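Asker:
Protein chains in written order, with the working numbering: chain A, 1 to 236; chain B, 1001 to 1236.
As structure tokens, this is what we get:
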């Protein structure tokens, strides 16, 4: 059976049997870090006040950012390294970020996964096991514009899917993305070309950017369990 | 002075001081071929019946396609090689194509140019001479989806702009596109990965595809003179 892959450069809400959301810098990478640190669920909320209320009512850890930095009243920002250093075992997390939250909310599929460079191989294996007829790689972008880091994350997942010998049909957008990982440059070099990487490097998050560019370093697949609000737990 | 470049993968109608429309397979390539063959103006019309009426009333040559082939009552299809072989000296052309016409109609800028791989260097020189503060590279796509050939055309123009030593600010989408021309593959290899190239090769237009992939082979810059309907003439 062949899997048809398409890619959108910014979220459109287009439905697909499986949707993988990419916000490599940094929401989906931070979610992967949080699950690696022992979190049991991540709820994605768009509005900071709603996020504060939900975390207060449920006793969840509240993570998120606006303009790159943690919001007042939040337990932490949107930093994967910060999440890895927190004691999150057995905890639930409410996440509220600028672009990633919107993308996760827009995702419309039977399977909705959070993808990043750090978990590309795990996501690829999960997709092949789920065997959907079609997969939409949904890049979060930044304020409605393409983000190079998200497209690179999608390319890393595609590369791993192809390495598994899976039969695929690839849209032109997927073929364009794959060129990012066939140029011979290391991933961090490509990530650092992204406008948002340059922004984060400039406000002291260069270690987060480097962390986000390490392919297949985390073996977690955040998979949606409930849709309103989008609630993710570890999937296979 | 620095020029800010952005790229859209499908037409959105977003305004920019300068907009370059790319429909490499084949509308903008055919327009370049028609001007090279001596055409004085190209009027772009979306609806085939409107195009027929306009060509009849004005005595223009009527070119265009649906699903790749010429429409009934049209003088020719959307083939650059066919256009090069016709006697078009001093003639006006009405063009009606599936995706390129829509993209040309959506373009909103003080400068609107038709770009392709064949005229990439000429378009780059024209942009630098016009010195807009911002340029939007608008890819026509195919039925609302990204077409690899259009993004490659935009990448060829960007490469020529950079070769001129122009100071630029490039969006992530532009940086992604540029990766297409930095991979070391020849342009026809990349073009032939596009779904629409495979379609055209399959219905007998492989020579048109090869023609469209020849960088800087035509020294023409179709520039918009009037907006409703979009009317193009040779610009500098």
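We treat Cβ as the ideally placed atom computed from N, Cα and C, and that holds for glycine. Since the model is a prediction, treat every value here as computed from it, not as a measurement.
Given this structure, state the Cα-to-Cα distance separating residue 1148(B) from residue 1166(B), to the nearest angstrom.
Answerer: For residue 1148(B) and residue 1166(B), the distance between alpha carbons rounds to 25 Å.
Asker: Give me whichever residues DSSP pairs with residue 1135(B) in a beta bridge.
Answerer: 1005(B) and 1018(B)
Asker: What residues of chain B sit near residue 120(A), judged by a beta carbon separation below 8 Å?
Answerer: What residue 120(A) touches in chain B: nothing, since even the nearest Cβ is about 18 Å away.
Asker: What span of residues does the beta strand (DSSP E) with residue 226(A) cover, start to end?
Answerer: 222-227
Asker: Pop quiz: residue 1215(B) and residue 1156(B) are said to be a contact at Cβ under 8 Å. What is the actual Cβ separation, rounded to whole angstroms?
Answerer: 6 Å between Cβ atoms; contact.
Asker: What does the alpha-carbon distance come out to for the pair residue 1056(B) and residue 1207(B)?
Answerer: Spanning the two alpha carbons is a distance of roughly 30 Å.
Asker: Taking only beta-carbon positions, decide if residue 199(A) is within less than 7 Å of chain B.
Answerer: no
Asker: Might you give, ordered along the chain, the residues of its own chain that have their beta carbon closer than 7 Å to the beta carbon of residue 150(A), omitting 5 neighbours on each side?
Answerer: Once the five neighbours on either side are set aside, the close Cβ partners of residue 150(A) are 22, 23, 24, 139, 140 and 141.
Asker: Could you check whether residue 29(A) and residue 227(A) sit closer than 7 Å to each other, using their CB atoms as the reference points?
Answerer: No, the pair does not count as a contact, with Cβ atoms beyond the cut-off.
Asker: Give, in chain order, every unbroken run of the beta strand (DSSP E) that is at least 3 residues long and sits entirely within the segment 1027-1109 of chain B.
Answerer: Complete beta strand (DSSP E) runs here, min 3: 1041-1044, 1061-1064 and 1092-1096.
Asker: Does the separation of the CB atoms of residue 105(A) and residue 46(A) fall below 7 Å?
Answerer: In this structure, residue 46(A) lies closer than 7 Å to residue 105(A) by Cβ.
Asker: With DSSP run on the structure shown, which of helix, strand or coil describes residue 210(A)?
Answerer: helix
Asker: Taking the straight line between their C-alpha atoms, what separation do you get for residue 233(A) and residue 225(A)?
Answerer: 6 Å
Asker: With 7 Å as the limit, tell me which residues of the segment 1151-1180 of chain B have their beta carbon closer than that to any beta carbon of chain A; keep them in chain order.
Answerer: Residues 1151, 1171, 1172, 1173, 1175, 1176, 1179 and 1180.
Asker: Compare the C-beta of residue 1109(B) against all C-beta atoms of chain A and say whether one is closer than 7 Å.
Answerer: no
Asker: Can you list, in chain order, the residues of its chain with a C-beta nearer than 6 Å to that of residue 1219(B)? Leave out the 5 residues immediately preceding and following it.
Answerer: If we look at residue 1219(B) and ignore the five residues flanking it on each side, its Cβ neighbours are 1122.
Asker: So which residues of chain A does residue 1193(B) contact, with C-beta pairs closer than 7 Å?
Answerer: Those within 7 Å of residue 1193(B) in chain A are 175.
Asker: Is residue 183(A) close to chain B, meaning its C-beta is less than 7 Å from at least one C-beta of that chain?
Answerer: yes
Asker: So residue 65(A) packs on residue 97(A), CB below 8 Å; how close in whole Å?
Answerer: 6 Å
Asker: Closer than 8 Å by beta-carbon distance: list the chain B residues that pair up with residue 147(A), in chain order.
Answerer: 1172
Asker: With residue 1110(B) and residue 1017(B) assumed to form a contact (beta carbons below 8 Å), what rounded beta-carbon distance in angstroms separates them?
Answerer: 6 Å
Asker: Does the Cβ-Cβ distance between residue 9(A) and residue 1009(B) come in under 7 Å?
Answerer: Yes; because the gap between Cβ atoms is below 7 Å, this pair is in contact.
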